[in-house]
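Q: Line order of the protein sequences matches chains A and B.
What the first sequence shows, in my numbering, is residues 1 to 282, in sequence order.
What the second sequence shows, in my numbering, is residues 1001 to 1231, in sequence order.
Beta carbons: idealized from backbone N, C-alpha and C, even for Gly.
Dropping the structure in here first, questions after.
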Amino acid sequence: MLQLFFTDLAEFHFLQNALITAVAVGIVAGVIGSFIILRGLSLMGDAISHAVLPGVALSFMLHIPMVIGAAAFGILAATIITLIKQFSAIKSDTAIGITFSTFLALGVILIGLVHTTTNLFHILFGNVLAVQDGDRNLTLGIAAAVLVLVALFFKRLRLTSFDPLMAQAMGIRTNFYHFLLMIMLTLVAVVSMQSVGTILIVALLITPAATCYLFADRLVVMVIASGLLGGLISLVGLVFGYTHNIAVGSCIVILGALVFVVCFPFSKKQHLITLPLGGKNV
Amino acid sequence: MLQAVSFTLPAGCLVGIIGPNGAGKSTLIKAMLSLIPHRGRTLFDQQDLHAVARHVAYVQQKSGLDLTFPITVRECVALGRQADANAFGHVRGAKEAVAQALAQVGMADFAARPLSQLSGGQLQRVLIARCLVQNAQLLVLDEPFVGIDVQSEAAIMAVLRAQKRAGKTILIVHHDLKTVPDYFDWVVMLNRALIAAGPVATTFTPDNLAATYGLPHPPAKGAPDASAIFH
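What follows is the structure, given as structure tokens:
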């Protein structure tokens, strides 16, 4: 299986693009996903990944780069959800449910109206084997930018994730960091469309981060481990999907879930099974 | 809804905010710190409190924190230094300040521990150390003594008294009426509105307690009987 993959990898440019894109997306989704799950925003990740769809369609219509339209709609959805949550009695999961389903429906209609070679199925479920050089470069650029932003703002992101009330009381603009994270989340959602698609992005965001959360005692460890795990499962998912001729995006997602299930009983936070050399469970 | 609250506190004193459950104690401090929508103003040394927020250290109730968050004691205490940090969160001198604050609260040996492995009392000491690191002029603590051991409570009070002597003003939402005369210089008594505010000696009276806790008759004489109120 591996021999076939590496033989083809040396030969086919599309497979090289797929490998680079899938691993880059896995890494950056794992990193951003750490903050998303710690802030209780898993559903927000789901919402934004769906909400970018009308932006993608409008980008095709207006002949502008897809990332611009998608990012605009991602930010718009995050803003609407945040405003509904802050200024009404509606709870955030309700606001998310209303917003993301509306945006998704709008996206499906607009995609149907656009005469493009881009297949709706591929947007929804990804097709990493069809990644072009331009898409690959965009993914690498966005992944690098997001990683640099996380490194630069790491301390503030940690503070506002752990104790936002304390941060607000000492005069820190917590909304700025919330929207910074939402912008990064939107960008990750846009580039993830190629590898896992809008429907399954949330798994790549959440599952590696949730797995590392089970074991990590420090946020920096969780973020790095989650990025590495995301990259690894993307790589293995690609190899498995390619060699068995099954959907790569779904392989990545199921592999991530399997890793989580295997790790779960050994978690220091669950106390189900204590590893002989593991840390002290309290 | 909390309304009709207006009082002035002297700087450099320990202030207890008391009242029955649902009286609006936490709401009051959150409104003062602009953490919730509200009407009205809070002035600190003639300036709007929100404008001098850097000088405010706030510790919310333990129940409001995610204690499974992956963070060590050292990292948690260092968060207090963020008040002086730039937009990226970088600040100088954090390491020394954190070590010093942890020593002050008797938690130096726990610096590398994850927060999730601390007892309630240890956690509260760490959160107080975070306030010390911030070097704030106003400390606002929401029920810091709930669910902690006697030793930790005594250690925290010793640190807070030292802070008071250093000129800091400390507001504490408090439940245990028996300790009010011992712990505080001033008291703010609430029950959906301000009942009384002033020095403990003249304000923490049976009449005010009865009004605050909705008792039909104040205790006949002597010190307020906390057990009568709670049981």
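(1) Please confirm whether K269 of chain A has its beta-carbon closer than 9 Å to some beta-carbon of chain B.
(2) What is the residue span of the alpha helix (DSSP H) that L1049 of chain B lies within?
(3) Going by C-alpha distance, which of A:L258, A:L228, A:I37 and A:A51 is nearest S101 of chain A?
(4) Quick one, which of B:A1112, B:A1004 and B:L1209 has its alpha-carbon nearest A1031 of chain B's?
(5) What would DSSP say about G1016 of chain B, mapped onto helix, strand or coil?
(6) Leaving out five residues on either side along the sequence, give the residues of the same chain with a beta carbon under 7 Å from the beta carbon of F5 of chain A.
(7) If you compare alpha carbons, which of A:I142, A:S59, A:F260 and A:Y177 is closest to F35 of chain A?
(8) Using three-state DSSP, classify G1198 of chain B as helix, strand or coil.
(9) Can you find the residues in the same chain that come closer than 8 Å, C-beta to C-beta, to V1015 of chain B, ignoring five residues on each side of it along the sequence?
(10) Please tell me whether F154 of chain A and T82 of chain A are closer than 9 Å, where the distance is taken between their beta carbons.
(11) What separation, rounded to the nearest whole angstrom, lies between the Cα atoms of I80 of chain A and S42 of chain A?
(12) Between D163 of chain A and chain B, is there a C-beta pair that is closer than 9 Å?
(13) Anything in chain A within Cβ reach of F1088 of chain B, meaning under 8 Å, just list it in chain order.
(14) For the segment 165-176 of chain A, which residues have a CB atom closer than 8 Å to at least one CB atom of chain B, in sequence order?
(15) First and last residue of the alpha helix (DSSP H) that includes M166 of chain A?
(16) DSSP has T1072 of chain B in a bridge; who is on the other side?
(17) Taking the alpha-carbon of S1063 of chain B as reference, which of B:D1048, B:A1085, B:G1089 and B:S1116 has the nearest alpha-carbon?
(18) Answer yes or no: do F162 of chain A and D1066 of chain B have a C-beta to C-beta separation smaller than 9 Å?
(19) For L200 of chain A versus V131 of chain A, is the C-beta spacing smaller than 9 Å?
(20) Using CA atoms only, rank isn't needed, just tell me which of A:F215, A:F125 and A:T174 is closest to A1087 of chain B.
(21) Between V282 of chain A and chain B, is any beta-carbon pair separated by less than 9 Å?
(22) Would DSSP call F12 of chain A helix, strand or coil?
(23) Can you tell which of B:L1194, B:S1006 and B:L1079 has its C-alpha closest to the C-alpha of A169 of chain A?
(24) Kindly identify the DSSP beta-bridge partner or partners of M1189 of chain B.
(25) Could you check the C-alpha separation between L1127 of chain B and A1162 of chain B for me, to the nearest Å?
(26) Report, in whole angstroms, the separation of the C-beta atoms of I1029 of chain B and V1140 of chain B, which I expect to be a contact under 8 Å.
(27) Alpha carbon to alpha carbon, how far is C263 of chain A from L228 of chain A? Give it in angstroms, no decimals.
(28) Going by alpha carbons, who is nearest to G74 of chain A out of A:L104, A:R158, A:L2 and A:L147?
(29) Measuring alpha carbon to alpha carbon, tell me which residue in A:F12, A:M44, A:L110 and A:G197 is nearest H122 of chain A.
(30) What is the residue span of the beta strand (DSSP E) that V1059 of chain B lies within?
(31) Below 9 Å between beta carbons is the criterion; list the residues of the segment 1174-1200 of chain B that meet it against any residue of chain A, in chain order.
A: Reading from the atomic positions:
(1) Sequence index remark: in the first sequence, residue 269 of chain A carries index 269 (1-based). True, the Cβ-Cβ gap to chain B drops below 9 Å.
(2) Walking along the second sequence from the start, residue 1049 of chain B turns up at place 49. Careful: L1049 of chain B lies outside any alpha helix (DSSP H) and carries neither H nor E.
(3) The residue labelled residue 101 of chain A in the question sits at position 101 within the first sequence. S101 of chain A has its Cα closest to that of A:A51, out of A:L258, A:L228, A:I37 and A:A51.
(4) As a position in the second sequence, residue 1031 of chain B is number 31, starting the count at 1. Minimum Cα distance to A1031 of chain B is reached at B:A1004.
(5) In the second sequence, the residue the question calls residue 1016 of chain B occupies position 16. In the structure shown, G1016 of chain B sits in a strand (DSSP, three-state: E or B).
(6) The residue labelled residue 5 of chain A in the question sits at position 5 within the first sequence. Hits under 7 Å: V239, Y242 and T243.
(7) In the first sequence, residue 35 of chain A corresponds to position 35, counting from 1. Comparing Cα-Cα distances from F35 of chain A to each of A:I142, A:S59, A:F260 and A:Y177, the minimum goes to A:Y177.
(8) Position 198 of the second sequence holds residue 1198 of chain B. In the structure shown, G1198 of chain B sits in a strand (DSSP, three-state: E or B).
(9) On the second sequence, position 15 is the one that residue 1015 of chain B refers to. Answer for V1015 of chain B: L1009, T1169, I1170, L1171, I1172, F1184, D1185, W1186, V1187 and V1188, listed in chain order.
(10) If you number the first sequence from 1, residue 154 of chain A lands on position 154. If you number the first sequence from 1, residue 82 of chain A lands on position 82. Not a contact, by the Cβ cut-off of 9 Å.
(11) For this step, residue 80 of chain A is matched to residue 80 along the first sequence. For this step, residue 42 of chain A is matched to residue 42 along the first sequence. If I take the Cα positions, the gap works out to 17 Å.
(12) For the purposes of this step, residue 163 of chain A is taken as the residue at position 163 of the first sequence. So, interface residue.
(13) On the second sequence, residue 1088 of chain B is found 88 positions in, with the first residue counted as 1. L152, F153, K155 and R156, listed in chain order.
(14) L165, M166, A167, Q168, A169, M170, G171 and I172
(15) Indexing the first sequence from 1 puts residue 166 of chain A at position 166. Note, M166 of chain A: alpha helix (DSSP H), P164 to A169.
(16) As a working mapping, residue 1072 of chain B is identified with position 72 in the second sequence. Its beta-bridge partners are B:P1114.
(17) In the second sequence, counting from the first residue as 1, residue 1063 of chain B sits at position 63. Taking only the C-alpha atoms, the option nearest S1063 of chain B is B:S1116.
(18) The residue you call residue 162 of chain A lines up with position 162 of the first sequence. The residue you call residue 1066 of chain B lines up with position 66 of the second sequence. Result yes, Cβ atoms of F162 of chain A and D1066 of chain B sit closer than 9 Å.
(19) Position 200 of the first sequence, counted from the start, is the residue given in the question as residue 200 of chain A. Position 131 of the first sequence, counted from the start, is the residue given in the question as residue 131 of chain A. No. Outside cutoff.
(20) Translated into positions along the second sequence, residue 1087 of chain B becomes position 87. Ranking the options by Cα distance to A1087 of chain B, first place goes to A:T174.
(21) In the first sequence, counting from the first residue as 1, residue 282 of chain A sits at position 282. At V282 of chain A the pLDDT is 35, less than 50, meaning the model places this residue with poor confidence; the figure from the coordinates comes in the next sentence. Cβ-Cβ to chain B under 9 Å: yes for V282 of chain A.
(22) Start at 1 with the first residue of the first sequence, and residue 12 of chain A comes out as number 12. Coil at F12 of chain A, not helix or strand.
(23) Here residue 169 of chain A is taken as the residue at index 169 of the first sequence, counted from 1. Answer by Cα proximity: B:L1079.
(24) Here residue 1189 of chain B corresponds to residue number 189 of the second sequence, with the count starting at 1. DSSP lists B:I1018 and B:A1196 as partners of M1189 of chain B.
(25) On the second sequence, residue 1127 of chain B is found 127 positions in, with the first residue counted as 1. On the second sequence, residue 1162 of chain B is found 162 positions in, with the first residue counted as 1. L1127 of chain B and A1162 of chain B: Cα-Cα distance of roughly 16 Å.
(26) Residue 1029 of chain B sits at position 29 when you count from the first residue of the second sequence. Residue 1140 of chain B sits at position 140 when you count from the first residue of the second sequence. 5 Å between Cβ atoms; contact.
(27) Locating residue 228 of chain A in the first sequence gives position 228, counting from the first residue. Locating residue 263 of chain A in the first sequence gives position 263, counting from the first residue. Roughly 15 Å separates the two Cα atoms.
(28) The residue you call residue 74 of chain A lines up with position 74 of the first sequence. The candidate whose alpha carbon is nearest that of G74 of chain A is A:L104.
(29) One-based indexing of the first sequence puts residue 122 of chain A at position 122. Residue A:G197 is the option with its Cα nearest to H122 of chain A.
(30) To locate residue 1059 of chain B, count along the second sequence from 1; it is residue 59. Segment V1056 to V1059, the beta strand (DSSP E) holding V1059 of chain B.
(31) none
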